[in-house]
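Below you'll find the structure, written out as structure tokens, and then a few comments.
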Amino acid sequence: MQTTTNAANTDFPIAIIGAGFAGIGMAIQLKKAGIGSFTMFERAGEIGGTWRDNTYPGAACDVPSHVYSFSFEQKSDWSRAFAESSEIQAYLLGVVDKWRLRPHMRFNTEIVEARFDEGRGLWTLTTDHGEQFTARVVISGVGGLVDPATPQINGLENFRGAQFHTARWNHQYDLRDKRVAVIGTGASAVQVVPSIAPIVGTLSVFQRTAAWVMPKHDKQYADSTKRFLGRHRAVLNLSRLLKYWVSEAFGPMVFLDSKSLSAIGEKVSLQHLRACVKNPELRAKLTPTFQFGCKRVLISDDYWPAFERPNVELITEAIDEVLSDRIRTTDGVEHRVDAIILATGFKLGLTKAPFPVIGRGAKTLDDAWKGGAVAYKGMTISGFPNWFILMGPNTGPGHTSVLVYTEAQIAYAVQAIKKLIGEKLKFVDVKQEVQDRYNDGLQRRMKYMSWSSGCHSWYLSPDGSNHALFPGFASEYVVRARKFKASEYEIVKA
Ligand code: NAP
Numbered sequence: 000m001q002t003t004t005n006a007a008n009t010d011f012p013i014a015i016i017g018a019g020f021a022g023i024g025m026a027i028q029l030k031k032a033g034i035g036s037f038t039m040f041e042r043a044g045e046i047g048g049t050w051r052d053n054t055y056p057g058a059a060c061d062v063p064s065h066v067y068s069f070s071f072e073q074k075s076d077w078s079r080a081f082a083e084s085s086e087i088q089a090y091l092l093g094v095v096d097k098w099r100l101r102p103h104m105r106f107n108t109e110i111v112e113a114r115f116d117e118g119r120g121l122w123t124l125t126t127d128h129g130e131q132f133t134a135r136v137v138i139s140g141v142g143g144l145v146d147p148a149t150p151q152i153n154g155l156e157n158f159r160g161a162q163f164h165t166a167r168w169n170h171q172y173d174l175r176d177k178r179v180a181v182i183g184t185g186a187s188a189v190q191v192v193p194s195i196a197p198i199v200g201t202l203s204v205f206q207r208t209a210a211w212v213m214p215k216h217d218k219q220y221a222d223s224t225k226r227f228l229g230r231h232r233a234v235l236n237l238s239r240l241l242k243y244w245v246s247e248a249f250g251p252m253v254f255l256d257s258k259s260l261s262a263i264g265e266k267v268s269l270q271h272l273r274a275c276v277k278n279p280e281l282r283a284k285l286t287p288t289f290q291f292g293c294k295r296v297l298i299s300d301d302y303w304p305a306f307e308r309p310n311v312e313l314i315t316e317a318i319d320e321v322l323s324d325r326i327r328t329t330d331g332v333e334h335r336v337d338a339i340i341l342a343t344g345f346k347l348g349l350t351k352a353p354f355p356v357i358g359r360g361a362k363t364l365d366d367a368w369k370g371g372a373v374a375y376k377g378m379t380i381s382g383f384p385n386w387f388i389l390m391g392p393n394t395g396p397g398h399t400s401v402l403v404y405t406e407a408q409i410a411y412a413v414q415a416i417k418k419l420i421g422e423k424l425k426f427v428d429v430k431q432e433v434q435d436r437y438n439d440g441l442q443r444r445m446k447y448m449s450w451s452s453g454c455h456s457w458y459l460s461p462d463g464s465n466h467a468l469f470p471g472f473a474s475e476y477v478v479r480a481r482k483f484k485a486s487e488y489e490i491v492k493a
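Numbering (numbering that gives the first Met the number 0), first residue to last: 0 to 493.
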């Protein structure tokens, strides 16, 4: 990495923005390829992204840990099938130390602008401290679900009790015996509700939309299993592969807009609901009214049973207003609470540029993404040469581990970087027609997907289009992203 005042310390400076799973994986693969001239910019004071930020009680992965970890850094001794947030963060910390990535990192450094100089084929990155760095290649690993969304609820700012978001948990606040409200019933809520229910005084869960919940079948691994997997890496690989293919096999039930396939998921979920909740009125309130897969399918064994506890109440009337010490619902009932926990999700980071990005001809990424975020294979954007996105537009899965996609993207970027270095190129810029053809194809398939079946979710942009998920199997994406094809790019020599 070069500062603009000191432009001679390395011959091929690469900037990685973000030190979460994506950025860390990228850094490791660069090192493996013998490319050490990279700097990682992280706006927080530690690595980890999602797993650094989400420390709420019960925070855990809802994808089996053997799949939700790097294929090239497998861990044989996960404590359970679905590891908790702290264990995933510990895994990432271990990986970072093992690969000696810390010397490459600049913490507490937020990139606030990126500008491409076509003449030199270099990006200039400006930080929040006003420093400038130049890089030949930029890898954006900033993540999509990062910044907490504060809901538009009347009077929320007038509440005088404790109030915090699941992704910014206030560990100083003692929930014991308090009257607590949780707003939201998504993937975060299904983990936090059963975890805090036994300790709070009362828990009022404000549900706007009931969610489809599947059995989780979580389990602790015995020490003997961990030792066995540690000694037999082939079995570890096989078990990972098996879990991956099981998730792929169930994929169509989740992502296809097929009444018969959804019916299978709905049947299993409703059986689970009947097993968890005896009260038919409560069951009716917890029963979703939209098609399975349209929103993210949740998995939990203890979320629905939590509502059978005498201190837990499900509130389905809409919130009318929040007052200084209570929440009033539209039926006029006032719910006095000491604390409000917002389990209301994230501002989707994929619909606009994370910060001003100015490409060729002074075109901005916001302009390029006016009609929704698009990129070729979710990674490269015409007019923004040598810029690679990890976990970019239309690369999210609803049915399996996002890391399968991320690893494919990392491998693709490494191929491109090797070409740039090997052939001393100034830049590669994906051709507009190649990008358009790819995205037109994806968007044509969206109408066959479950998330287009008529519900509201973070998957969809306000105009109803989907720029978040990949419409198909992870394996298809991996195959399509396998090879960096120079013919699809404008290649500019130095
Ligand atoms: P989410 O899925 O977006 O859920 C937000 C919840 O808040 C929804 O129930 C939503 O209701 C509700 N809500 C939002 N605004 C509201 C308002 N004004 N009034 C009342 N309710 C409101 O957010 P999340 O649960 O944090 O999950 C987001 C994503 O993060 C997940 O889909 C998943 O990809 C990821 N995640 C993963 C894990 C994991 O285990 N791997 C865990 C947590 C999160 P509506 O449904 O009516 O909109």
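For glycine and all other residues, C-beta sits at the position ideal for the given N, C-alpha and C.
Not one heavy atom of the ligand NAP is found less than 8 Å from the C-beta of Asn107.
Uninterrupted beta strand (DSSP E) stretches at least 3 residues long and entirely within the segment 194-225 occur at 201-205, given in chain order. For the alpha helix (DSSP H) assignment, the uninterrupted runs of no fewer than 4 residues enclosed by the segment 265-335 are, from N- to C-terminal side, 279-285 and 302-305.
Residue environment: Gly200 is assigned as exposed (fewer than 16 neighbouring CB atoms within 10 Å of its CB, all protein chains considered). With contacts defined by Cβ atoms closer than 9 Å, Trp368 and Thr350 form a contacting pair.
Ranked by Cα distance from Met390, the first of Phe11, Phe20, Pro12 and Glu117 is Phe20. Shown here, Tyr437 sits in a helix according to DSSP, grouped into three states. The C-alpha of Pro251 is placed about 8 Å away from the C-alpha of Gly471.
Leu424 carries a strand assignment under DSSP once its states are collapsed to helix, strand and coil. Ile388 has Ser139 as its beta-bridge partners, per DSSP. Out of Trp457, Asn236 and Ser84, the CA that lies nearest to the CA of Thr208 is found in Trp457. Note that the C-beta distance between Phe249 and Ile326 is not below 9 Å.
The beta-carbon separation of Pro353 and Val141, rounded to 5 Å, stays under the 8 Å limit for a contact. For Arg325, the shortest separation between its Cβ and any heavy atom of the ligand NAP does not lie below 8 Å. The alpha helix (DSSP H) runs of length 4 or more contained entirely in the segment 43-112 are, from start to end of the chain, 49-52 and 84-97.
Where Phe11 is concerned, there is no enclosing beta strand (DSSP E), because DSSP gives it neither an H nor an E. Gly33 has its alpha-carbon roughly 31 Å from the corresponding atom of Leu364. Of the other Cβ atoms in all chains shown, 16 or more fall within 10 Å of the Cβ of Ala188; this residue is therefore buried.
Per DSSP, Arg230 has no beta bridge partner at all. Counting the other Cβ atoms within 10 Å of the Cβ of His271 gives 16 or more, which makes it buried. Taking a C-beta distance under 9 Å as the contact criterion, Asn310 and Leu202 qualify as a contact pair. Where Leu364 is concerned, the enclosing alpha helix (DSSP H) starts and stops at Leu364 to Ala367. A contact is defined here as three or more CB-CB pairs under 8 Å, and the segment 458-477 fails this definition with respect to the segment 275-284. Taking C-beta separations shorter than 6 Å and ignoring five residues to either side along the sequence, the partners of Thr108 in its chain run Phe40 and Thr126, following chain order.
Annotation for Leu322: Gly154, Asn157, Phe158 and Glu333 place their beta carbon closer than 8 Å to its own, counting only its chain and skipping 5 residues before and after. The distance from the Cβ of Gln434 to that of Tyr488 is about 10 Å, inconsistent with a contact at the 8 Å cut-off.
DSSP, read as helix, strand or coil, puts Thr343 in coil. Inter-residue distance for Ser194 and Glu432 is about 50 Å (C-alpha atoms, whole angstroms). The C-alpha of Ile198 is placed about 24 Å away from the C-alpha of Ala210. C-alpha of His216 to C-alpha of Ser261: approximately 20 Å in a straight line. Distance between Pro150 and Thr328, taken at the CA atoms: about 15 Å. Taking C-beta atoms as the reference points, Asn385 and Asp428 count as a pair closer than 9 Å. When the five nearest sequence neighbours on each side are left out, the beta carbons in the same chain lying within less than 6 Å of the beta carbon of Met445 are those of Ser451, Asn465 and Pro470, in order along the chain. The criterion of a C-beta distance shorter than 9 Å is not satisfied by Gln190 and Ser64. Cβ-Cβ distances below 6 Å link Phe291 to Trp211, Ser261, Gly264 and Glu265 in the same chain, with the five nearest sequence neighbours on each side left out; the list follows chain order. Residue environment analysis places Pro56 among the buried positions, since at least 16 neighbouring C-beta atoms fall within 10 angstroms of its C-beta.
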